[in-house]
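S.K.: Would you mind keeping the following structure in view while I ask a few things?
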Amino acid sequence: MVVPERRPWRAAGPHVVRIADAVRPRLARAAETVRPRLARVAAALGPRFGRPDRPGSPRVPRVARPRTWQFTATAATAGLALAAGVVTAAGPWDSSGQRTAERDRAVALGAARGTDHGGARANAGTPPRGPRAAPPAASVLTGLGGTATTVKSAPGGTALATVLDPLLKNPALGDRSAAVVDVATGTRLYGTGPGTGKALTPASTTKIATAVAALSAMGADHRLTTRTVYEPDTEEVVLVGGGDPTLTARKDKDAAGGPASLRELADRTAAALARKGVREVTLSYDTTLYKGGTIHPIGVNPNLAAVTPLMADEGRTDGSSSGPATRVADPAVDAARKFGDLLKEHGIKTTPPGPSKATTRASTLATVSSPPLSALVERMLTHSDNDLAESLARHTALATGKPADFAGAGEAITARLKQLGLPVKGADVKDGSGLDRRDRLTADLLTTLLVKAGDPAHPELRSALTGLPVAGFTGTLAGRYGDGAAGVVRAKTGTLTGVNTLAGTVVDKDGRLLAFAFLANATTDPAAAQSALDKAATALATCGCR
183 MVVPERRPWR AAGPHVVRIA DAVRPRLARA AETVRPRLAR VAAALGPRFG RPDRPGSPRV
243 PRVARPRTWQ FTATAATAGL ALAAGVVTAA GPWDSSGQRT AERDRAVALG AARGTDHGGA
303 RANAGTPPRG PRAAPPAASV LTGLGGTATT VKSAPGGTAL ATVLDPLLKN PALGDRSAAV
363 VDVATGTRLY GTGPGTGKAL TPASTTKIAT AVAALSAMGA DHRLTTRTVY EPDTEEVVLV
423 GGGDPTLTAR KDKDAAGGPA SLRELADRTA AALARKGVRE VTLSYDTTLY KGGTIHPIGV
483 NPNLAAVTPL MADEGRTDGS SSGPATRVAD PAVDAARKFG DLLKEHGIKT TPPGPSKATT
543 RASTLATVSS PPLSALVERM LTHSDNDLAE SLARHTALAT GKPADFAGAG EAITARLKQL
603 GLPVKGADVK DGSGLDRRDR LTADLLTTLL VKAGDPAHPE LRSALTGLPV AGFTGTLAGR
663 YGDGAAGVVR AKTGTLTGVN TLAGTVVDKD GRLLAFAFLA NATTDPAAAQ SALDKAATAL
723 ATCGCR
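Position 212, counted from 1, in the sequence shown is what the working numbering calls 394; the numbers after and before it change by one each time, with no gaps.
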């Protein structure tokens, strides 16, 4: 289900009440803690202000008034409630209607921030020193619904060129292409001449194309299902991979609404076997949903596991949920072994797992399903999740009759975009993640993708916008724009060696929603290139450019 952005104060009301109720007890406890200290300070200061605490001092009638701690608690409660209401007044929303940007910020920037595929970063190797306060982001309150009638007209091309040309001509950007489009009208406002149609390596901004193609092909409510079946002839239980890389075997991930749980699947499978009176089985796993090789052209890499339709926790070995990590050599075998261990906990004896294929004679024992595709797309974009991107690319191929391999997935993405009427000339999609350096996209295509995702006629594509990392708050932009356009820029980053890209939306000074795409290839200084792109996006946010 696609959750639309609601009217600000109507949507914010329940959140204001809930958060105010939640913080009030904590503030009261804090007030009780500091009250004795305040009393001691007041006692110490009393003589200086003529309090009748010593002989001879004039008595002044005492007027009852709220104490300092009461002011503090009341103001803090009201302030937090107001802040909560303001925050919840704008998208992107999760399935509960909560503002995901600030929610994610609250869990601290110490968590993994996704990956830009091996590119050097300005602060590489320097971890954040504890939680930081969220940067001010007033304009984040502008929704993604286009332009209101009170907002001024779109920026002028000449004015935009005056601001952007000096920034985008930075030598650090190498070979470049750029475009800026008015989301409300789809009109291109700025482009570097014929460069908007120049196809360059897009790196991870490819995920925007993957998101739109997948949502278009399958719908926002589609879910990825992992199942177990029973082969009566051979007394074999087959774990059938459904192409869900978010399937988890972790105990702390069994909450409702979260990723599908391998533990839950084992529970249900064991119960189904018990009803059949079966206590010993041959365990197999089925990975035939996908075709072709499992290793990405980039080779074995911590940014991506082997591409297989069966895996648990993306084959990660370090407990992480995003960013680079050492992966197991064969995620399917790893998932099947974990599943076998879980069955044993229920008293089901199994053989070591081996590859197989479920037959038409098999009966379904149990199933578990992923969150809806809209939520998967948001996760993919926010955290630059390569495993999820490759999975969604293959599912797009399956949904459109293409082979579920790297080549078929790329063809399926391009075909879906063409069907949507998007300018695919020059585009060449080799994978779903953007890790393949042979990928080619244009600035025109990327901005048009964003405009299409914001089109009210295509609500199924909305999560391609709401999943974009929010500057200074989430994903691969969490550590950027701290003193610039925090909260105003929503964009997908892309970084490979010699490649820096940025594509997303920005609310300009006058409240106009713009889509932009900046592509730079042959860069020699990744930190300088990243900074130049950030400055260009910030310039869009801070100028009226009319």
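We treat Cβ as the ideally placed atom computed from N, Cα and C, and that holds for glycine.
Ignoring anything shorter than 4 residues, give me the alpha helix (DSSP H) runs that lie fully in the segment 457-522, in order along the chain.
M.R.: Fully enclosed alpha helix (DSSP H) runs of 4 or longer: not present.
S.K.: State the DSSP-derived secondary structure class of P605, mapped to helix, strand or coil.
M.R.: P605 falls in the coil class under three-state DSSP.
S.K.: L444 and A711: beta carbons closer than 8 Å?
M.R.: no
S.K.: Closest by CA to A685, which one among V345, T344 and V363?
M.R.: Selected option, being the one with the closest Cα: V363.
S.K.: From the DSSP output, in three-state form, read off R728 for me.
M.R.: coil
S.K.: Using the DSSP secondary-structure output, state which residues sit across from V652 in a beta bridge.
M.R.: R672
S.K.: Rounded to whole angstroms, what is the Cα-Cα separation between L631 and T541?
M.R.: 40 Å
S.K.: V489 and E572 - do their beta-carbons sit closer together than 8 Å?
M.R.: yes
S.K.: Between the Cα of S335 and those of L696, L406 and V510, spot the shortest distance and give me the residue it belongs to.
M.R.: L696
S.K.: Would L731 pass as a contact of R619 if the rule is Cβ separation under 8 Å?
M.R.: Because the chain here runs from 183 to 728, residue 731 falls outside it and cannot be looked at.
S.K.: Can you check whether the CB of A668 is closer than 8 Å to the CB of T649?
M.R.: Per the sequence shown, residue 649 should be read as Gly rather than Thr. For G649 and A668, no; Cβs fall outside 8 Å.
S.K.: Using three-state DSSP, classify G664 as helix, strand or coil.
M.R.: coil
S.K.: Is it the case that the Cβ atoms of E417 and S466 are separated by a distance below 8 Å?
M.R.: no
S.K.: In whole angstroms, what is the alpha-carbon distance linking S556 and S538?
M.R.: 32 Å
S.K.: Taking 8 Å as the threshold (C-beta atoms), are T374 and L558 in contact?
M.R.: no
S.K.: Using only alpha-carbon positions, find the residue among D449, N485, T720 and L471 that is nearest to A548.
M.R.: D449
S.K.: Evaluate contact between the segment 381-392 and the segment 601-618, counting only Cβ atoms and requiring at least three cross-stretch pairs below 8 Å.
M.R.: yes
S.K.: Is the Cβ of L486 closer than 8 Å to any Cβ of chain D?
M.R.: This model lacks chain D altogether, as it is built from one protein chain only.
S.K.: Applying the criterion that 16 or more other CB atoms from any shown protein chain within 10 Å of the CB defines a buried residue, is R543 buried or exposed?
M.R.: exposed
S.K.: If contact is defined by three or more beta carbon pairs under 8 Å, each pair taking one atom from either stretch, is the segment 338-355 in contact with the segment 602-609?
M.R.: no
S.K.: Quick check: T629 and A609, are their CB atoms within less than 8 Å of each other?
M.R.: no
S.K.: Which residues in the same chain as K717 place their Cβ atom closer than 7 Å to its Cβ, once the five residues preceding and following it in sequence are excluded?
M.R.: L349
S.K.: Using 10 angstroms around the beta-carbon of T706, count the other beta-carbons present and answer buried if the total reaches 16, otherwise exposed.
M.R.: exposed
S.K.: DSSP beta-bridge partners for N352?
M.R.: Per DSSP, N352 has no beta-bridge partner at all.
S.K.: Can you say whether K526 is buried or exposed, counting buried as having 16 or more other CB atoms within 10 angstroms of its CB?
M.R.: A residue is called buried when at least 16 other Cβ atoms come within 10 angstroms of its Cβ; K526 does not meet this threshold and is exposed.
S.K.: Please name the residue in S713, K634, G726 and A714 whose C-alpha comes closest to that of A393.
M.R.: K634
S.K.: Look at the alpha carbon of G474 and the alpha carbon of A594, and state the distance between them as a whole number of angstroms.
M.R.: 15 Å
S.K.: Do three or more CB pairs link the segment 654-663 to the segment 634-643 at distances below 8 Å?
M.R.: Because the criterion of three Cβ pairs below 8 Å is not met, the segment 654-663 and the segment 634-643 do not touch.
S.K.: Is K531 helix, strand or coil when you go by DSSP?
M.R.: strand
S.K.: Measuring CA to CA, which of F698, V365, A714 and L574 is closest to N682?
M.R.: A714
S.K.: Residues in its own chain within less than 6 Å of A518 by CB, not counting five upstream and five downstream?
M.R.: L421, Y467 and P535
S.K.: Rounded to whole angstroms, what's the CA-CA distance from F231 to T564? Just pull it up for me.
M.R.: Any reading at F231 is ruled out, since the residue's pLDDT is 37, under 50, leaving its predicted position unreliable.
S.K.: Out of P479, T546, D403 and D434, which has the shortest C-alpha to C-alpha gap to T410?
M.R.: T546
S.K.: For a minimum of 4 consecutive residues, which ranges assigned as the alpha helix (DSSP H) are wholly contained in the segment 364-403?
M.R.: Fully enclosed alpha helix (DSSP H) runs of 4 or longer: 388-400.
S.K.: Among all the DSSP beta bridges, which residues are the ones paired with F729?
M.R.: A query on residue 729 cannot be resolved here, the shown segment of the chain reaching from 183 to 728 and no further.
S.K.: Can you find the residues in the same chain that come closer than 7 Å, C-beta to C-beta, to L627, ignoring five residues on each side of it along the sequence?
M.R.: Answer for L627: L604, P605, V606 and A609, listed in chain order.
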